[in-house]
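Worksheet for the structure shown next.
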Amino acid sequence: MIEKVLIANRGEIALRILRACRELGVATVAIHSTADENAMHVRLADESVCIGPPPASESYLNIPAILAACEITGADAVHPGYGFLSENARFAEILAEHGITFIGPSPEHIRLMGDKIMAKKTAAELGIPVVPGSDGAVETVEEARRLAKDMGYPVLIKATAGGGGRGMKVARSEQELENAYLTARSEARAAFGNDEVYIEKYLDRPRHIEVQVFGDGQGHAVHLGERDCSLQRRHQKVWEEAPSPALNAEQRAEIGEIVAAAMRKLGYAGAGTVEFLYEDGRFYFIEMNTRLQVEHPVTEQITGLDLVQEQIRVASGAPLSYRQEDIRFSGHAIEVRINAEDPETFVPSPGRVDTVHTPGGLGVRVDSALYGGYVIPPYYDSLIGKLIVFGRNRTECLMRLRRCLGEYVISGVKTTIPLFERLLREPEIQDGLYDIHWLEEWLAANAEE
Ligand code: MV4
4 MIEKVLIANR GEIALRILRA CRELGVATVA IHSTADENAM HVRLADESVC IGPPPASESY
64 LNIPAILAAC EITGADAVHP GYGFLSENAR FAEILAEHGI TFIGPSPEHI RLMGDKIMAK
124 KTAAELGIPV VPGSDGAVET VEEARRLAKD MGYPVLIKAT AGGGGRGMKV ARSEQELENA
184 YLTARSEARA AFGNDEVYIE KYLDRPRHIE VQVFGDGQGH AVHLGERDCS LQRRHQKVWE
244 EAPSPALNAE QRAEIGEIVA AAMRKLGYAG AGTVEFLYED GRFYFIEMNT RLQVEHPVTE
304 QITGLDLVQE QIRVASGAPL SYRQEDIRFS GHAIEVRINA EDPETFVPSP GRVDTVHTPG
364 GLGVRVDSAL YGGYVIPPYY DSLIGKLIVF GRNRTECLMR LRRCLGEYVI SGVKTTIPLF
424 ERLLREPEIQ DGLYDIHWLE EWLAANAEE
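Numbered by this note's numbering, the letters in the sequence shown go through residues 4 to 452 in order.
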């Protein structure tokens with residue numbers, strides 16, 4: 004069994020991991036930059052090590068410094084959280100070379116899913132439905148033109164090294180194709196140092212629905228249902244919910260079983276998320292994330308399972324602690340991301356927080372490392388908290404969310420709380436009738452009247 008976990012992260016996710024360790028009786032080590040000396044994760048951990056100056060490249064991404072912190076404290080495992088080194092296959096390999104357990108999947112699976120063409124090819128071979136498109140890289144404009152003609156316009160040119168929405172170009176007709184293809188390649192070369200691209204049928208108004216999976220690398224894998232993350236701004240999710248308002252139990256079981264079966268065949272170990280676009284009743288694989296995700300709490304709330312504890316157990320070599328038939332979905336959960344940002348312009352608002360009063364009561368969970376008097380440093384992501392509400396059904400959940408937003412007080416910095424109060428008044432949000440473009444269109448339509 005893992006005895007001491009070094010948490011290679013900060014903020015709310017560092018606390019989330021710390022809490023899972025405490026309940027398992029596992030010791031914790033916090034690492035932090037000089038900008039995070041007063042951070043809550045440092046205060047709550049059993050031990051802490053300062054690993055570098057404020058820029059993440061010199062601290063939370065500094066592999067030699069993190070290895071040294073493991074050596075000094077005797078940590079036998081590292082939990083990377085999300086972001087930072089969580090999907091860095093080389094980091095997972097280096098830890099293994101030093102006899103330290105990486106709490107996550109194998110370096111091979113991380114690397115496989117990090118290559119978008121290989122990921123899609125693997126998904127298709129494993130029986131997961133994928134977006135129609137090229138079999139691999141598209142080397143010439145002529146090839147792109149021929150493929151686009153066969154599948155029909157509109158089409159999307161995507162960078163192999165892309166992801167998270169970067170390096171994509173739509174061509175709505177043959178006239179637009181050459182320019183889209185060449186622009187995608189040159190932008191990919193500039194952004195990723197790799198100009199390889201592939202082509203897909205462009206889906207006009209899909210939802211973003213992702214399936215949570217868990218494997219133990221010993222032939223067992225289960226799905227924990229889906230999350231609907233369609234409400235995004237510039238590829239940043241702002242609101243996530245489970246279950247998706249667009250699916251019924253039968254559809255959930257069908258896509259879930261396809262994904263779980265694929266993970267069994269892969270021998271996947273740990274938590275993973277398989278991302279789909281969903282349009283007209285059909286699923287289309289786009290990517291797989293080989294880490295714990297920001298929005299994992301909504302899945303925890305509707306299943307009653309602790310995903311981080313399970314990650315630690317599986318990384319220790321234990322088999323999955325539940326079978327598919329043990330997993331029951333109940334009720335509805337919504338997470339809203341509270342960022343220290345202007346709720347209209349989304350300009351970051353770091354600085355000193357005066358008062359913090361968090362909502363509470365039945366069905367309410369706040370994952371946050373914030374406290375009154377804390378100074379939010381300007382160097383990192385602006386996420387300062389996640390409000391997760393649970394209800395027996397979506398209506399109860401929405402009413403509870405509205406109640407909680409009214410109770411939440413964070414003074415001294417601007418936050419995105421007012422954005423959610425406005426969203427809750429929208430009929431399409433109330434009815435769950437939104438797709439991946441809804442939020443950006445709503446923001447554009449409601450800007451500075
Ligand atoms: C697409 C698409 C439409 N058709 N692929 C954007 C992020 C990247 N992970 C995949 N993305 C998309 N791929 C096809 N064939 C539309 C998007 C997309 C998107 C996807 C999920 C959530 C928000 C989005 C916003 C704009 C575009």
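For each residue, glycine too, the CB sits at the ideal point set by N, CA and C.
Endpoints, the beta strand (DSSP E) within which residue i is located
i, result
"residue 279", "272-282"
"residue 325", "Counting along the chain, residue 325 falls outside any beta strand (DSSP E), and DSSP gives it neither H nor E."
"residue 224", "224-236"
"residue 18", "Unbroken run through residue 18 is the alpha helix (DSSP H), 14-27; no beta strand (DSSP E)."
"residue 211", "210-219"
"residue 149", "Per DSSP, residue 149 belongs to no beta strand (DSSP E); it is in the alpha helix (DSSP H), 144-154."
"residue 398", "Here residue 398 belongs to no beta strand (DSSP E); instead the alpha helix (DSSP H) covers 397-410."
"residue 285", "285-292"
"residue 394", "386-394"
Nonlocal neighbours in the same chain, by C-beta distance under 6 Å from residue i, ignoring five residues either side
i, result
"residue 410", "362"
"residue 83", "11 and 89"
"residue 63", "87"
"residue 68", "54 and 55"
"residue 188", "198 and 200"
"residue 282", "206 and 209"
"residue 150", "137 and 202"
"residue 396", "335"
"residue 375", "358 and 359"
"residue 241", "234 and 340"
Residues near residue i in its chain [Cβ-Cβ closer than 7 Å; skip 5 each side]
i, result
"residue 394", "334, 335, 366, 400 and 403"
"residue 77", "7"
"residue 287", "132, 133, 134, 206, 279 and 280"
"residue 303", "309 and 310"
"residue 272", "108, 109, 218, 219, 220 and 317"
"residue 75", "52"
"residue 345", "352 and 417"
"residue 47", "18 and 21"
Where the alpha helix (DSSP H) containing residue i begins and where it ends
i, result
"residue 175", "Element bounds for residue 175: n/a, residue is neither H nor E."
"residue 306", "299-306"
"residue 417", "Residue 417 -> no alpha helix (DSSP H), and no H or E assigned at all."
"residue 6", "Where residue 6 is concerned, there is no enclosing alpha helix (DSSP H), given that its DSSP letter is neither H nor E."
"residue 127", "119-128"
"residue 45", "43-47"
"residue 245", "That residue, residue 245, is in no alpha helix (DSSP H); its beta strand (DSSP E) goes 239-245."
"residue 337", "Careful: residue 337 lies outside any alpha helix (DSSP H), inside the beta strand (DSSP E) at 335-342."
"residue 34", "Note, residue 34: premise wrong, no alpha helix (DSSP H); beta strand (DSSP E) at 30-36."
"residue 262", "252-269"
Beta-carbon proximity of residue i to residue j, cut-off 9 Å
i, j, result
"residue 292", "residue 116", "yes"
"residue 215", "residue 227", "yes"
"residue 33", "residue 52", "yes"
"residue 42", "residue 22", "no"
"residue 127", "residue 156", "no"
"residue 300", "residue 391", "yes"
"residue 290", "residue 259", "no"
"residue 429", "residue 405", "no"
"residue 165", "residue 119", "yes"
"residue 181", "residue 148", "yes"
heavy atom of the ligand MV4 below 8 Å from residue i C-beta
i, result
"residue 248", "no"
"residue 45", "no"
"residue 287", "yes"
"residue 161", "yes"
"residue 280", "yes"
"residue 296", "no"
"residue 117", "no"
"residue 243", "no"
"residue 206", "yes"
"residue 24", "no"
"residue 291", "no"
"residue 254", "no"
"residue 203", "yes"
"residue 120", "no"
"residue 168", "yes"
"residue 439", "yes"
"residue 171", "yes"
Contacts around residue i, its chain only, beta-carbon distance under 8 Å, and the 5 residues preceding and following it disregarded
i, result
"residue 28", "none"
"residue 446", "236"
The ligand PLP heavy atom lying under 8 Å from the CB of residue i
i, result
"residue 136", "Questions concerning the ligand PLP fall outside what the structure shown contains, since the ligands it does hold are the ligand MV4."
Secondary structure, alpha helix (DSSP H): runs of 4+ residues fully inside the stretch 54-84: 66-76
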